[in-house]
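This is how it looks when you write it as structure tokens:
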């Protein structure tokens with residue numbers, strides 16, 4: 001157990017739907033990062049939050065959004081889902097920014113049918 | 114654009130041999146590098162990191178070498194074991210990037226008994 005908890009582990013949904021992925025960071029970590037991993041793209045950085053505020057944005061689609069709550073857990077919202085959104089979504093946390101140890105969760109496997 | 118790439122997509126070694134996995138990075142401003150191991154169905158697991166003010170760092174059976182002149186990073190695994198079979202990713206970060214990690218495509222290491 002890495003200390004970073006992601007739920008659900010698996011999600012199957014239809015095109016056009018909306019889903020929410022949840023991440024609880026390791027105790028004491030203030031930064032949360034979201035990554036998408038697909039077969040042909042590797043691990044792509046989506047977005048970073050630090051203590052509730054958005055810190056950096058990567059290749060995140062406008063259909064996707066995220067937030068970090070006061071208790072530091074984070075949610076990634078994916079809407080108007082397309083087949084190409086099927087991927088593994090990972091959350092990572094770190095104790096500080098900009099650099100430090102990054103701990104990854106076990107991911108959410110999203111399948112869009 | 115920014116990219117971190119790997120020279121070899123697959124590597125097959127005999128059990129007990131040493132393994133070397135290579136990585137090229139393109140952002141000369143990167144000042145922190147990490148190697149991750151990812152087993153099937155799991156999130157990336159931290160192996161070893163190195164800061165740009167160092168050129169070598171050793172861990173348990175692993176060594177990371179950094180050559181900033183040619184922007185090259187390598188991971189050496191001594192006495193490779195079947196449990197080392199996984200996909201290995203290098204990742205880079207810099208202060209100016211706010212801590213986000215940019216990952217390479219990954220190298221699959223296969224250890225033959």
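Protein chains in written order, with my numbering: chain Y, 1 to 113; chain W, 114 to 226. Yeah, the Cβ is synthetic: ideal placement off N, Cα and C, and Gly gets one too.
Counting only beta-carbon atoms, is residue i nearer than 8 Å to chain Y?
i: residue 155 of chain W; result: yes
i: residue 225 of chain W; result: no
i: residue 59 of chain W; result: The requested residue 59 of chain W is not part of the displayed model; chain W covers only 114 to 226.
i: residue 202 of chain W; result: yes
i: residue 213 of chain W; result: yes
Within the 8 Å Cβ cut-off, does residue i reach chain W?
i: residue 89 of chain Y; result: no
i: residue 98 of chain Y; result: Reliability fails at residue 98 of chain Y, whose pLDDT of 49 lies under 50, so the model's placement of it is uncertain and the value that follows must be treated cautiously. Judged by the 8 Å Cβ criterion, residue 98 of chain Y is in contact with chain W.
i: residue 104 of chain Y; result: yes
i: residue 3 of chain Y; result: no
i: residue 16 of chain Y; result: no
i: residue 94 of chain Y; result: yes
i: residue 10 of chain Y; result: no
Applying the 10 Å Cβ sphere with the 16-neighbour rule, what's the burial state of residue i?
i: residue 215 of chain W; result: buried
i: residue 71 of chain Y; result: exposed
i: residue 68 of chain Y; result: buried
i: residue 8 of chain Y; result: exposed
i: residue 110 of chain Y; result: buried
i: residue 205 of chain W; result: buried
i: residue 39 of chain Y; result: exposed
i: residue 197 of chain W; result: buried
i: residue 168 of chain W; result: exposed
i: residue 32 of chain Y; result: buried
i: residue 199 of chain W; result: buried
Does the distance from the CB of residue i to the CB of residue j come in under 8 Å?
i: residue 17 of chain Y; j: residue 87 of chain Y; result: no
i: residue 83 of chain Y; j: residue 64 of chain Y; result: no
i: residue 219 of chain W; j: residue 104 of chain Y; result: no
i: residue 110 of chain W; j: residue 171 of chain W; result: Nothing can be reported for residue 110 of chain W, as the shown portion of chain W is limited to 114 through 226.
i: residue 13 of chain Y; j: residue 112 of chain Y; result: yes
i: residue 140 of chain W; j: residue 207 of chain W; result: yes
i: residue 128 of chain W; j: residue 225 of chain W; result: yes
i: residue 46 of chain Y; j: residue 58 of chain Y; result: yes
i: residue 174 of chain W; j: residue 192 of chain W; result: yes
i: residue 102 of chain Y; j: residue 161 of chain W; result: no
i: residue 81 of chain Y; j: residue 34 of chain Y; result: no
i: residue 11 of chain Y; j: residue 108 of chain Y; result: yes
i: residue 233 of chain W; j: residue 202 of chain W; result: Because chain W is modelled from 114 through 226, residue 233 of chain W falls outside the range shown and cannot be assessed.
Quick one, which residues of the stretch 28–51 of chain Y are near chain W if we go by CB-CB under 7 Å, in chain order?
31, 33, 42, 43, 45 and 48
Report yes or no: do the stretch 47–55 of chain Y and the stretch 11–24 of chain Y share at least 3 C-beta pairs separated by less than 8 Å?
no
Is the stretch 3–18 of chain Y in contact with the stretch 77–94 of chain Y, if contact means three or more CB pairs nearer than 8 Å?
yes
May I ask you to list, following chain order, the residues of the stretch 142–170 of chain W that have a beta carbon less than 9 Å from some beta carbon of chain Y?
144, 145, 147, 149, 151, 154, 155, 156, 157, 158, 159, 162 and 164
What residues from the stretch 56–86 of chain Y come within 7 Å of chain W, judged by C-beta to C-beta, listed N to C?
56 and 58
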